[in-house]
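**Q** To convert, note that position 160 of the sequence shown is 160 in the working numbering; the numbers rise steadily by one, no gaps.
Beta carbons are placed, not taken as given, at the ideal position from N, Cα and C, and that holds for glycine.
My structure is below; once you've seen it, I'll send some questions.
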Amino acid sequence: MDMSCRLKTEELRAQRSKLLAAALLPWFLALAGGAPAQTVTGHTGGTKVILLGTGTPRPFPERSGPATAIVVDDKAYLVDFGPGVIRRAAAAAAQGTPALEVTKLTVAFLTHLHSDHTVGYPDLIFTPWVMGRKEELNVYGPEGIEEMTKHVLQAWQQDSDIRTKGMEHAEPLLVRAHDVKPGVVYTDESVKVTAFRVPHGEWPQAFGYRFDARGRTIVISGDTSPSSELVANCQKCDVLIHEVYSPVSVVPSMPDWTAYRAKYHTSTEQLAEIANRSKPGILIVYHTSGRGPNGRIPEEQILQEIQKTYHGKVVIGHDLEIY
Ligand SMILES: [Zn+2]
Ligand SMILES: [Zn+2]
1 MDMSCRLKTE
11 ELRAQRSKLL
21 AAALLPWFLA
31 LAGGAPAQTV
41 TGHTGGTKVI
51 LLGTGTPRPF
61 PERSGPATAI
71 VVDDKAYLVD
81 FGPGVIRRAA
91 AAAAQGTPAL
101 EVTKLTVAFL
111 THLHSDHTVG
121 YPDLIFTPWV
131 MGRKEELNVY
141 GPEGIEEMTK
151 HVLQAWQQDS
161 DIRTKGMEHA
171 EPLLVRAHDV
181 KPGVVYTDES
191 VKVTAFRVPH
201 GEWPQAFGYR
211 FDARGRTIVI
221 SGDTSPSSEL
231 VANCQKCDVL
241 IHEVYSPVSV
251 VPSMPDWTAY
261 RAKYHTSTEQ
271 LAEIANRSKP
281 GILIVYHTSG
291 RGPNGRIPEE
301 QILQEIQKTY
311 HGKVVIGHDL
321 EIY
C-alpha cells in the first residue's frame, strides 16, 4: 500500500468513526440524562404527536404514566397527566420540541380520573409554575376535575403561600379546571378538540378525544372497552392512539378479572376490529395492560395478535416517540 493510499484509508476510517459518534451522540446524551432517546418516526410536519407516557399503573422505568402531547407548531396540548409527565415533557423539549418546555404547558385534557392518568396533576400544576409559567393553566375533563383541582391546590396551600408571599416572590398560581360534557370542548386558531364518551367500567364518565388540528385528525382512546363512538370519531383519521390488553394476560390479584377486563379495556382482537372499522392512517398502541403467565408479554406478540385480522399500519408506541 503506498503512502497516499494508506492516508486515504485512515482518513476514511476517521471520517467513519466521526459519523458514527455523531449518530450515537443523542442516544448517549439521552441515556446519560436518564430519559429514553427520542425517536422521530416519520412525521415532522406542523402537527405532531409526541408520546410522553405510554404506561399503565405498573411502574416500568421506561414507560411513564399515560400522557400524550399534540403539538401544533409552537403550541402543545396535553392529554392526561400520569406520573412522570413533566420530566418527559422536559426531555422532549431538550430533544428538539421547544413547545414542550414546561413553562409553555398551559392546556390539558383529561380522559378520566383514574390515578394512573392523574397522579402527575400536582406536577403539572406546580413544577411549570415554579419554573416561571405566567399564563393560566386550563384543564378540561369529566365531572370531578374541578373538585380534584380544588383539593390539589388545598393540599399544596403552604407551598403556594411560601412561594408567593416569601422571598421567592413567585407570581400568583393561575389554574382553571373545567368539568365538560361530550362535544366540542375547546377551540383556538390551531385546533378543535371534541370529547366523546367511552365505556370504562364503573366510571360514570370517561372520554376519548378527537383533535382536528392543522392538516391532521388525531383520535385518542383513553381507557375504554370497545367504543362505537370512537369508531364514529375516527373515520379514516390520520392517527389513532388506542389502549389494549392481550387475551393471554392474567390479573391474578383480582377475583373477577375476566369480567373486569371485558368491561374496562379492549383486547387485541377487539382493537383489530376497531381499526378495521375506523381505518386510521396509523394505529399507535399504548397503555398495554396485563401480564402473561410467564411475566411481561413481548411487544411482538401484541403486534402479531392485532395483525392477525388488521393489516393496516400499526406500531407499539414508546415514550418520547414522535409521530
Ligand atoms: Zn389507565
Ligand atoms: Zn382507567
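(1) Whole angstroms is fine: what's the gap from E305's alpha carbon to R296's?
(2) One question on the structure: do L78 and A92 come within less than 8 Å of each other, judged by their Cβ atoms?
(3) Can you tell me which of the three DSSP states Y121 falls into?
(4) At 4 residues or longer, what runs of the alpha helix (DSSP H) sit wholly inside the segment 42-101?
(5) Measuring only the C-alpha atoms, how far is S190 from V107?
(6) As a quick check of your reading: which residues have a C-beta less than 6 Å from at least one non-hydrogen atom of ligand 1, in chain order?
(7) Tell me where the beta strand (DSSP E) around N138 begins and ends.
(8) Apply the 10 Å Cβ neighbour rule to E171 and answer buried if 16 or more other Cβ atoms are within range, or exposed otherwise.
(9) What does a CB cutoff of less than 7 Å around R277 pick up in its chain, not counting 5 residues either side in sequence?
(10) For Y286, which residues does DSSP report across the bridge?
(11) Among D74, T149 and K192, which one has its Cα closest to the Cα of L174?
(12) Let me confirm a value: Q95 is counted as buried when at least 16 other C-beta atoms fall within 10 Å, else exposed. Which label applies?
(13) Look up R296 in the DSSP assignment and give the residues it is bridged to.
(14) Under DSSP, the alpha helix (DSSP H) around V198 begins and ends at which residues?
(15) Run the CB neighbour count on P61, radius 10 Å, all protein chains shown included, and call it buried at 16 or more, exposed below.
(16) Which word fits P83, buried or exposed, when buried means at least 16 other C-beta atoms lie within 10 angstroms of its C-beta?
(17) Look at V219 and R210 and say whether their C-beta atoms are less than 8 Å apart.
**A** In short:
(1) Counting from one through the sequence shown, the residue named residue 305 turns up at place 305. Counting from one through the sequence shown, the residue named residue 296 turns up at place 296. The alpha-carbon atoms of E305 and R296 are separated by roughly 15 Å.
(2) As a working mapping, residue 78 is identified with position 78 in the sequence shown. As a working mapping, residue 92 is identified with position 92 in the sequence shown. Not a contact, by the Cβ cut-off of 8 Å.
(3) One-based indexing of the sequence shown puts residue 121 at position 121. Helix.
(4) As far as the segment 42-101 is concerned, its whole alpha helix (DSSP H) runs of at least 4 residues are 85-94.
(5) Stepping through the sequence shown from its first residue, residue 190 is reached at position 190. Stepping through the sequence shown from its first residue, residue 107 is reached at position 107. Linking S190 to V107 through their CA atoms gives a straight-line distance of about 13 Å.
(6) This criterion selects T56, P66, H114, D116, H117, D223 and H287.
(7) Position 138 of the sequence shown, counted from the first residue, corresponds to residue 138. In the DSSP assignment, N138 falls within the beta strand (DSSP E) that extends over L137 to G141.
(8) As a first step, residue 171 must be located in the sequence shown, where it is residue number 171. So E171 ends up on the exposed side.
(9) Position 277 of the sequence shown, counting from 1, holds the residue named residue 277. Excluding sequence neighbours, R277 sits near V231.
(10) Along the sequence shown, read from residue 1 onward, the residue named residue 286 stands at position 286. Answer by DSSP bridge pairing, in chain order: E243.
(11) Along the sequence shown, one-based indexing puts residue 174 at 174. Closest option to L174, Cα to Cα, is T149.
(12) The sequence position of residue 95 within the sequence shown is 95, counting from 1. Q95 counts as buried, since no fewer than 16 other beta carbons sit within 10 angstroms of its beta carbon.
(13) On the sequence shown, residue 296 is found 296 positions in, with the first residue counted as 1. According to DSSP, which records beta bridges pairwise, R296 is partnered with nothing at all.
(14) Taking the sequence shown and counting its residues from 1, the one referred to as residue 198 is at position 198. Neither: V198 is in no alpha helix (DSSP H) and is coded neither H nor E.
(15) The residue labelled residue 61 in the question sits at position 61 within the sequence shown. Result: exposed.
(16) Within the sequence shown, the letter at position 83 stands for residue 83. It counts as buried.
(17) To locate residue 219, count along the sequence shown from 1; it is residue 219. To locate residue 210, count along the sequence shown from 1; it is residue 210. A contact, by the Cβ cut-off of 8 Å.
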